[in-house]
Each structure stands twice: as structure tokens, then as C-alpha cells.
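Trainee: Chains as they are written, first to last, in our numbering: chain V, 1 to 422; chain Y, 1 to 422. Idealized CB from N, CA, C, for every residue including glycine.
1. Mapping the DSSP letters down to three states, classify residue 7(V) as helix, strand or coil.
2. Strictly below 8 Å CB to CB, what residues from chain V border residue 245(Y)?
3. On the DSSP letters alone, give me the boundaries of the beta strand (DSSP E) that residue 198(V) sits inside.
4. Output needed for residue 54(Y): all residues of its chain with C-beta closer than 7 Å, excluding positions within five of it in sequence on either side, in chain order.
5. Closest Cβ-Cβ distance between residue 222(V) and chain Y: below 8 Å?
6. For residue 252(Y), does the count of other Cβ atoms within 10 angstroms reach 16, so buried, or fall short, so exposed?
7. Tell me the DSSP bridge mates of residue 342(V)?
8. Tell me which same chain residues have a C-beta within less than 7 Å of the C-beta of residue 316(Y), skipping the five on either side of it?
9. According to DSSP, what are the bridge partners of residue 361(V)?
10. Excluding five sequence neighbours on each side, which residues of the same chain lie with their C-beta closer than 7 Å to the C-beta of residue 189(V)?
11. Classify residue 248(V): buried if its beta carbon has 16 or more other beta carbons within 10 angstroms, exposed otherwise.
12. Just reading off the beta strand (DSSP E) that residue 58(Y) is part of, what are its end residues?
13. Give every residue of the same chain whose Cβ lies closer than 8 Å to the Cβ of residue 274(Y), excluding the five residues on either side of it in the sequence, and list them in chain order.
14. What does residue 313(V) touch in chain Y if you count any residue whose Cβ is under 7 Å from its own?
15. Would residue 237(V) and residue 293(V) be called neighbours here (beta carbons separated by less than 8 Å)?
16. Nearest by alpha-carbon distance to residue 226(Y): which of 90(Y), 152(Y), 77(Y), 409(Y) is it?
17. Give me the chain Y residues within the contact set of residue 287(V), using Cβ-Cβ distance strictly less than 8 Å, ordered along the chain.
18. Of all the residues that make up the region 380–400 of chain Y, which are near chain V by a beta-carbon distance shorter than 8 Å?
19. How many angstroms separate the CA atom of residue 377(V) from the CA atom of residue 365(V)?
20. Closest Cβ-Cβ distance between residue 298(Y) and chain V: below 8 Å?
21. Please give the ranges of any beta strand (DSSP E) in the region 110–168 of chain Y, keeping only runs that are unbroken, at least 3 residues long and fully inside the region.
22. For residue 63(Y), which beta-bridge partners are listed by DSSP?
23. Take the Cβ of residue 51(Y) as the centre, count every other Cβ of all protein chains shown within 10 Å, and call the residue buried at 16 or more, exposed below.
24. Is residue 241(Y) closer than 8 Å to residue 367(V) when the C-beta atoms are compared?
25. Measuring only the C-alpha atoms, how far is residue 374(V) from residue 357(V)?
26. Note down, in chain order, every chain V residue with its Cβ under 9 Å from the Cβ of residue 97(Y).
27. Buried or exposed for residue 154(V), going by 16 or more other Cβ atoms inside 10 Å?
28. Between which residues of its own chain and residue 173(Y) is the CB-CB distance below 8 Å, once the five residues before and five after are set aside?
29. Would you say residue 256(Y) lies against chain V (beta-carbon separation less than 8 Å)?
30. Indicate whether the contact test is met: 3 or more Cβ pairs, each with one atom in the region 376–391 of chain V and one in the region 203–223 of chain V, closer than 8 Å.
31. Determine, for residue 260(V), whether the minimum Cβ-Cβ distance to residues of chain Y falls below 8 Å.
32. Quick one: which chain Y residues come within Cβ less than 7 Å of residue 292(V)?
33. Roughly how many whole angstroms lie between the Cα atoms of residue 122(V) and residue 81(V)?
34. Please go through the same chain and pick out, in chain order, the residues whose beta-carbon is closer than 6 Å to the beta-carbon of residue 352(V), but skip the five residues on each side of it.
35. How many Å lie between residue 408(Y) and residue 29(Y) at the Cα?
36. Just by C-beta distance, which residues in the region 105–136 of chain Y are closer than 7 Å to chain V?
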């Protein structure tokens, strides 16, 4: 089987063009879903895809599909997809790289007239970030709803999603933004196992592992299982100047002790691949002259192994069995999800394509969630990662070289052709 | 010298009446300065003071003065003062107890026709809490401005104070509220050393020391010196799922370590009277899926001894010389103030009055700031504390018994008469 190569020049041009839509003026973008900037990116996608003769379809939740027909009129489609929206002050790669790579694959197929049996589709997912209208992965949650496990499903009811309020202006809803966007198409075009055979997603790594190892591309085997817990501490507000230390119940001191305790106990488990994060904290009354009477913080913990996650959970629950700085501690599960493994056959196609193309690569887990992980409950699915400079993402310095991006697209193209040849 | 007693019945009635103004429905009040509830409290004060023949004066910053003339037409006035405003969801005693005690003293003097040489004044301070229009102690800062130490003065410029914005609606200023209140009187009535001889202030203790010792009243010798520092931590935001633990620079973990370190190091100094509080924390971006790149928190530290405060400051500054969880740490002084000692003669009058009346008492420091401490730079001043149930204040369960409140007023009355007899 011959190895095809994508075009560095064309990929570079796409990156440059897409980076204009939502340009925040310091090297990154703010491109909320269905915002004017997002509509510009979608128009660019449609324009370029029409130029190579692709058929454009839009479903009822604004996902856009551009399809090149294959030689077999009865064959199901192979889709390559990611999202065009970003977080606030995000970068030029998260999401849109997967869209540009899918475009690049179709453009290469059209340019080189590469024979293929199945129709090939490049797709934009709506609202993956959920940064204006929560939750994240909203629209893949809607589209894959019937296939999702029960512990995830409840979060993505269509009616609830339409009522999701803008975090900037609570009088705006996702449903209203959808109606106003001009991108509310027909439900019949939704991604489904009846019409689609496989899905591939390229994404930036968002971590430093590839860079540290000197590899350009990651062959992803799974999305890590995780849990998210909330720790709550109940103390007593008293005056900072008049209340003796030994009688205080200081909820912030309690929370600080527990954050340090979590680090010390979880690190003792000795698993460098385990990641855990206390990213969000709330303090009440949060006044410099008052001892805090209430603090809560989040704990996000991720690892492939359910046994190891269970061990961490033991440490978490143990915290609630003790008093900290005179305060009661409660822990509550917010959500969890199991490790999602990619389709073994698609994974091996990506690995073979990487080997045959001579691009440096390694096997990786995905620590972050992606639309592909919901699709995996519905279709055989897999992912490819591209090296991220300094492992940074969700920020303006987020960067991947055009060379690495093009290499990712080349591997994607050749893996898709292997799936096509089945 | 005979010992006079104030009236439990009259005091109880005042507490009951004043507690209605701003009643928040769960046992406490919200009575922001110059709010309708505060104006009701001021009207009640004026009504009751006029009823005993007191002369009412209002200065240009809404302080209200009610004066009973003395036998010497040339004698300066002795003033008893506190504030009528509260924090949000505050209690029925902080501030207003000092006003009610001053009223009770004048009412007892009038009722019993107690001979006195100096005019005796009961006074309401405007905006001590600063809870709607910051800063706290705003109006005593304005009135005592010329006498304040340089490191405090800058905060209380008249023009700046008039522009202070409402924390609820930033289009409202203190100056506009003052104009609209009907309480903008004449500057010539302001408290000054030309017209006033001494000031006394009764306040609730706001701590548990009196209750724990079984004493009803505290004879206050000073307001503790203090400093307020800000700790800032600079890390790097990365994705919670994709970034290995050993490469993280987690600003919240750094801050948690330092809060624990401060407790451990400051406690080693072995001074149980030293109080320090980390009451306010800010975390960025404060998202459960991101490692925080920036955290800051406040440290408020109070003790009578400048040497001991200096030792704590050494620990504080030492924190900035190290890296914590890969993060840079900076510390910045926000403000500080020296210990303010009350006038020794007035202090001894209070002590003698407490002994002669047979009310259980002890000497105490004030850990909290009060208007009296600014007045102390201008006039001989002292304070009396009344036992606080469970040491609670700035909250709805704040409570002092009517008996203890009346005992406080009795000591105040007899101490004032000693100052009058000088």
C-alpha cells in the first residue's frame, strides 16, 4: 500500500487563516461556540470543502459535515471530526486542528485523486468546550445520547441542553444561540451508526510527554477514567482580632491541611502516571478580618486503572472521617467515568500508518475528554495526538509546529485509507 | 463617691427597639450606614434624647450628638460614642450597644438628677463598619484626620471618602448617600479637642475571653497593633488530565503549603495571645480541570508587642525567599498599625468604677479596631467591653445579656462621673 503525504503549505495556510477568527490580539483566540468568530471558521470550512466538491450537510445541533463520495454507493461513511470552538483566551490548535486535519485529508484525497470505497467526511462538532454554554462535550453528548452509559447520560438531555445559560449573560441560552446562528439544520444528518462506519479525531496532546520524548505524534489507546469529588469544610466565622487561636474552627486552614495531606498520601501510592488536581476553591465569607466558616474545593483524579482510582478514593473518603482544624469535612462525588478504550483495529491502522510514514511516534493515553470518547459508545473510534509545545493548552501560548500538524494529518489520511480498504 | 446604677428595664427596652431597625428576620440585622434602617435608629436616638432635654447637633458627616448641659458653662464635654451601622447579617449589639449605653447614662443622669460639671454627650458615629461604603472606621478617620499617624492618614482623605462606592451598586457613593440622608449637618459640630475633654466607648468583646473567665465586663487597656500582608503565588495553568504531576507549578498547592507552614512556624513562637488569620483567598482560573496559575491570600496578624509582630514578619518574609510547589512567592505589606494604648487615667476610672460597683471584671486588650482608637490620637479615650456569648460577632447569633449590657452602662456612668469630678 502506498503512503500518501499531506501538504505542509496547505496546512500552514489553514492554520494561519483559522487563527484569525476570534483573534484576541496576543497570539490566541476567544472563539465561543456559534459566536461570530465561530461562524467565520465554519464558513471558511464550508468554502474550502465546497471547492473540492464535497457535499455539505448541517444537522439540528449545528454540526457541519463535508463529504467526498466513495466508489461504493452503499458504503457507510468514515468521519474525521473535532470542534471549532475554544475556551476564553485559548489557543489556535485545540479542536480546530482536528477540523483542519480532516479538511487536509479530503483536500489531499481530492488533489491526488486517491481511490477510496467509502465516502469520507470532515466534520465540525458544535460546543465541545462548553465555555460559553456548559457543559463541555455538550453536542456529542446530545448526538450519542442513546449510547451513553447511565452515569453520563443524565447530564445531556436535549431539552436541558437547549436551556443551558450563557456564563456571560444568563438571559441567553444555547437553544436561542442555535436558532439565531443559521446553523440549525436537519436532525436526519446527525452522525449515526446507520450512516457512519468509523470516527477518527486528531487533537493536540495538551501535555509535555511527546515533546519530552522527542516524538511528533501520539497513537492514543484510551481516554483515562476519572472521578471528580468536592471537599467541603464547615467551621465558624469569628473575628480575626478577638478570637483566640486555640478555639478557632478555621475552614481555610482545614482545607489547606487536606490539600497537603492529599498530595502526601496519593504520592505515596507511587504511580507517576496518576494525575490529580485541586483546581477550584470557594471560601466564605472571604474577608481578611474573618476566620472562614466554609471552604470547598474540587478534586479531579485520572488514571487508566479502576483499582488505582479506587485506592485514591479510599484516601478521599478517609479525609471525611476526621476533623481538620476543628472543622467537619464532607466529600461528595460530582461525577466519574470509566476508562474508554479506542477501537483496537483503528488503533492498529494508526500505528501502521505512523510506522509506514516514518514519523516518530509513541503510544499515549488521553488525559483529557474529547467528543471522540462519546462517539466511541456508538461507533468504532480512535484518536491521534500531535506534540504540544511545553505541554500548554487552553491558553494563548498553545502551539504545535505546522510540520507536526501536517505529519498528524498524513498519519490520519493513511489510517483512514486502511479503514477504507477493509 | 456614691455608685449610681443604670436601669435594666430601660436598657432592655432600648435593645428590643433598636433590634427592629434592619431586622433581617432570623434574629439579627442588616443596617448599612445611612440606610432607611440606620435612619430609623438615629430617629429613635434623637427622640429619646430630646425626651430628657438633650440638645441635638449633627455634623457634616452625619455624626449625631445629644448633650445634657453641666453645671460649669465653660467646661468641655465628655462624650460617650459608638456606631449605629452593622455588617450584612450582623447582630444586635456590635456598635449600637455603645450608643444605647451612652443613651442609658444620660437617661440615668436625667432621671436621678445626678450633679455633674461637664456637659455629657451621647454620640452616634457614621459608617464604622464600612460594609456598604468602605473603608471601616471611615468617619472617625475623617474627623480625626489631622491627628492620625502618617501611615494611617492617607486612607481617609475627605474627598476620597465622599467618592467611596457602594459594594452593592457601584454607581452609588458615600457622598451621595450623605447628601440624600438628611443628616448632612454642620462641620462646626464635629468632635474636636477644643470642645471635648474625653471619649468613652462601650463595645461587645467579640471574643470568648470574658465568658470563659466568668467576668461580665472588660476594662480595655489597648487596641492591639497589627499588620496585614498579602501572599501571592505564581505558577502555570495546565490541563488537569494531561500534565504530569512532577512538572506542575500549582499555585493553590503552594498556597496551602504556606498556610500550613505559617501555622506551624508562628505557633512555635509560643504566644497564645498572638492571633493571625488567613481569611481571604483568590484563585485563578479557579476551574476544576485546570491547575491554578495564581493564588493570593491575606494574612492579618495582631499582638500588643512590636517585637513579637516583628518575629512573625520574619517568618512571613522568609516564605518569599523560597519556591513552593514550583511557584514563586511574593509577600506585600497592605497596611500596619501600632498598638494604641488608652488614656491611663480614664482606664483607672473605669477600673475603680467596676470595683466600686461590684461587677465582675478583668483587664483585656482589644483585638478589633474601633472608632475610639482614632479618637485616641486626638483626645484622652478609653473603652469598656461587655461579655459576648460564645465570642461571636458580625453574625446573627451575636448576643450579650441585658444584665451585662446594663452593668457595662453602670460602669460607664460611674467612670464618666469620675472624669467629670477631676
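Mentor: Working from what's here:
1. Residue state, collapsed to three classes: coil.
2. From the beta-carbon of residue 245(Y), the residues of chain V found nearer than 8 Å are 267, 272, 274, 275, 276.
3. 196–204
4. 66, 67, 68, 106
5. no
6. buried
7. According to DSSP, which records beta bridges pairwise, residue 342(V) is partnered with nothing at all.
8. 229, 299, 331
9. 217(V)
10. Cβ neighbours of residue 189(V) beyond the five flanking positions: 57, 58, 59, 65.
11. Residue burial is scored here from C-beta neighbours: residue 248(V) has at least 16 other C-beta atoms within 10 angstroms and is therefore classed as buried.
12. 55–58
13. 266, 301, 302, 303, 308, 312
14. By Cβ distance, chain Y contributes nothing, its closest Cβ being about 17 Å from residue 313(V), past 7 Å.
15. Yes; because the gap between Cβ atoms is below 8 Å, this pair is in contact.
16. 152(Y)
17. 279, 280
18. 391, 392, 393, 394, 395
19. 18 Å
20. When Cβ-Cβ separations below 8 Å define contact, residue 298(Y) makes contact with chain V.
21. 120–125
22. Looking at the DSSP assignment, residue 63(Y) forms no beta bridge with any residue, so it has no partner.
23. With fewer than 16 other Cβ atoms within 10 Å, it is exposed.
24. The Cβ atoms of residue 367(V) and residue 241(Y) sit closer than 8 Å to each other.
25. 29 Å
26. The premise fails here: residue 97(Y) is roughly 15 Å from chain V at the closest Cβ pair, so nothing lies under 9 Å.
27. exposed
28. Within the same chain, residue 173(Y) has close Cβ partners 133, 162, 163, 164, 165, 166.
29. yes
30. yes
31. yes
32. 279
33. 6 Å
34. none
35. 22 Å
36. none
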